[in-house]
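Colleague: Structure incoming, see below.
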Amino acid sequence: MNARFENTREQIVCPYCGSSQTELMSLFGQQLLTVQYYCQSCHTPFEHIKGDHILAQQGVTHIVTQGQSEHSTLKGLSKMTTTEKTLVNYTTTNGIAIIELTNPPANTYSHEMMRQLDEAILRARFDDDVHVLLLRGQGEKFFSAGAEISMLNAVTPGFKYYFCLHANETLTRLEQTPKLVIAALNGHTVGGGLEIALACDIRIARRGGGKVGLPEVNLGVLPGTGGTQRLARALPKNKAIELMTEGKLINFEEALDFGLINYIYEAENYWDEVMKYAQSFCPPNKAAKAVGRIKRSVQSGAEVSFSEGLAIERELQQLLFQSEDAKEGIAAYVEKRQPEFKAR
Numbered sequence: 001m002n003a004r005f006e007n008t009r010e011q012i013v014c015p016y017c018g019s020s021q022t023e024l025m026s027l028f029g030q031q032l033l034t035v036q037y038y039c040q041s042c043h044t045p046f047e048h049i050k051g052d053h054i055l056a057q058q059g060v061t062h063i064v065t066q067g068q069s070e071h072s073t074l075k076g077l078s079k080m081t082t083t084e085k086t087l088v089n090y091t092t093t094n095g096i097a098i099i100e101l102t103n104p105p106a107n108t109y110s111h112e113m114m115r116q117l118d119e120a121i122l123r124a125r126f127d128d129d130v131h132v133l134l135l136r137g138q139g140e141k142f143f144s145a146g147a148e149i150s151m152l153n154a155v156t157p158g159f160k161y162y163f164c165l166h167a168n169e170t171l172t173r174l175e176q177t178p179k180l181v182i183a184a185l186n187g188h189t190v191g192g193g194l195e196i197a198l199a200c201d202i203r204i205a206r207r208g209g210g211k212v213g214l215p216e217v218n219l220g221v222l223p224g225t226g227g228t229q230r231l232a233r234a235l236p237k238n239k240a241i242e243l244m245t246e247g248k249l250i251n252f253e254e255a256l257d258f259g260l261i262n263y264i265y266e267a268e269n270y271w272d273e274v275m276k277y278a279q280s281f282c283p284p285n286k287a288a289k290a291v292g293r294i295k296r297s298v299q300s301g302a303e304v305s306f307s308e309g310l311a312i313e314r315e316l317q318q319l320l321f322q323s324e325d326a327k328e329g330i331a332a333y334v335e336k337r338q339p340e341f342k343a344r
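Structure follows, in structure tokens:
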């Protein structure tokens, strides 16, 4: 990070650690409304929006005070926010957390959107009534077109590095969450948008809705939010290299043939069908804990040796054997009836 910063007259407090040891990074935007700062204490870049005579803090002060649990702090996130633009909508219904990227027209993401996405993932993790995370983009044209190119053009190389680092950490958190994550690809899913989708467990596209691809090579860079690693794990390496080095986009049907997409639903009633599919993994239909542990075993096991993966599988199975749902599932099978799972 470049140490040459210009101080402002007003001292801005870091929204992450609360430190006042912050410095101005850069100004960008035609009206100079957005101001970027860097915290010297926690080494995190953040943004402020300049108001009429003040800077309205764009972020959440997430500080766990003495005697207060992180869980209670997370539950109070909505009360802790100050003036900010909502870039990620979070709602829950019938065991499903709907996480919507809302930056039209292309739902491109900035550091602020990634921060809000990170918070949404944590909210879904800590909510015992949430069993499935469902990601989608606002509108019908784009799931997401990836990072905001104008933002990347305006910031320093140091900011770009930490921006990518945080985005990587966010998608890893999504990937490792022991709850099923479904990406509803309602429109074009390119660049960082595809990288977000690749961190999800199941991808369902809308027929005729758009294309997918990682065209970053055309900007002189590589897919830097996990694309080179996750695409090469989702496809044969030679095909992944072909798609990334050529920078070409493919339609949903071709992506389905490659196995990059799990399903394509008809445009009519697309969202209703996606919701119905997500609901099928919630109680009483499925043992949600078993679904989450299957995912965790696969994701964690893929990164270790085969014998270590088997050990992970055994330990997770032992936890499930102690659950109410396992007892119900086995009893229902013996009694020749449908099980009534409760995610317990």
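In UniProt numbering, the protein residues as written are 1 to 344. For each residue, glycine too, the CB sits at the ideal point set by N, CA and C.
Please report the straight-line C-alpha distance between I312 and S300, rounded to a whole angstrom.
Modeller: Position 312 of the sequence shown, counted from the first residue, corresponds to residue 312. Position 300 of the sequence shown, counted from the first residue, corresponds to residue 300. Cα to Cα, the separation comes out at about 8 Å.
Colleague: Terminal residues of the continuous beta strand (DSSP E) containing Y333?
Modeller: Locating residue 333 in the sequence shown gives position 333, counting from the first residue. First-last for Y333: 324–334, but that is the alpha helix (DSSP H), not the beta strand (DSSP E).
Colleague: Are E148 and T108 touching if we call contact CB-CB under 7 Å?
Modeller: Along the sequence shown, read from residue 1 onward, the residue named residue 148 stands at position 148. Along the sequence shown, read from residue 1 onward, the residue named residue 108 stands at position 108. Against a cut-off of 7 Å, the Cβ pair of T108 and E148 comes out as a contact.
Colleague: Rounded C-beta distance between I204 and Y263? I'm assuming under 8 Å.
Modeller: Taking the sequence shown and counting its residues from 1, the one referred to as residue 204 is at position 204. Taking the sequence shown and counting its residues from 1, the one referred to as residue 263 is at position 263. Rounded, the Cβ-Cβ distance is 5 Å, consistent with contact.
Colleague: Are R136 and A184 close, meaning C-beta to C-beta below 7 Å?
Modeller: If you number the sequence shown from 1, residue 136 lands on position 136. If you number the sequence shown from 1, residue 184 lands on position 184. Yes, the pair counts as a contact, with Cβ atoms nearer than the cut-off.
Colleague: In or out: F143 buried (at least 16 other Cβ within 10 Å) or exposed?
Modeller: By 1-based counting over the sequence shown, the position of residue 143 is 143. So F143 ends up on the buried side.
Colleague: Considering only DSSP beta bridges, list what Y265 is partnered with.
Modeller: Here residue 265 refers to the residue found at position 265 of the sequence shown. Paired residues: R206.
Colleague: Once DSSP output is grouped into helix, strand and coil, what is the label at R337?
Modeller: Position 337 of the sequence shown, counted from the first residue, corresponds to residue 337. In this structure, R337 counts as coil in the three-state DSSP scheme.
Colleague: Does the stretch 212–222 come within contact of the stretch 176–183, defined as at least 3 CB pairs closer than 8 Å?
Modeller: The stretch 212–222 vs the stretch 176–183: no contact.
Colleague: Let me know the beta strand (DSSP E) ranges lying completely inside the stretch 154–216, each 3 residues or longer, listed in chain order.
Modeller: Listed in chain order, the complete beta strand (DSSP E) runs (minimum 3 residues) inside the stretch 154–216 are 180–185, 188–190, 202–206, 211–213.
Colleague: In three-state terms, what does DSSP make of E100?
Modeller: Reading the sequence shown from its first residue, position 100 is the one you call residue 100. Strand, per DSSP.
Colleague: Quick one: Cα of P157 to Cα of F321, how far?
Modeller: Taking the first residue of the sequence shown as position 1, residue 157 is located at position 157. Taking the first residue of the sequence shown as position 1, residue 321 is located at position 321. C-alpha separation (whole angstroms): 50 Å.
Colleague: Please classify R206 as buried or exposed, where buried requires at least 16 neighbouring CB atoms within 10 angstroms.
Modeller: Within the sequence shown, the letter at position 206 stands for residue 206. Flag for R206 reads buried.
Colleague: Give me, in chain order, the residues of the same chain whose beta-carbon lies closer than 6 Å to that of A332; leave out the 5 immediate sequence neighbours on both sides.
Modeller: As a position in the sequence shown, residue 332 is number 332, starting the count at 1. These residues qualify, in order along the chain: P339.
Colleague: What separation, rounded to the nearest whole angstrom, lies between the Cα atoms of E6 and T22?
Modeller: Within the sequence shown, numbered from 1, the residue matching residue 6 stands at position 6. Within the sequence shown, numbered from 1, the residue matching residue 22 stands at position 22. Confidence is the limiting factor: at E6 the pLDDT is only 40, short of 50, which leaves the residue's position unreliable, though a coordinate-based value still follows. Those two C-alpha atoms are separated by around 10 Å.
Colleague: Over the uninterrupted beta strand (DSSP E) stretch that includes N89, give me the two end residues.
Modeller: As a first step, residue 89 must be located in the sequence shown, where it is residue number 89. Element bounds for N89: 88–93.
Colleague: Taking three-plus beta-carbon pairs below 8 Å as touching, is the stretch 267–274 in contact with the stretch 235–242?
Modeller: Taking 8 Å as the limit for Cβ pairs, the verdict is that the stretch 235–242 does not touch the stretch 267–274.
Colleague: Pull up the DSSP beta-bridge partners for A147, would you.
Modeller: Along the sequence shown, one-based indexing puts residue 147 at 147. Per DSSP, Y109.
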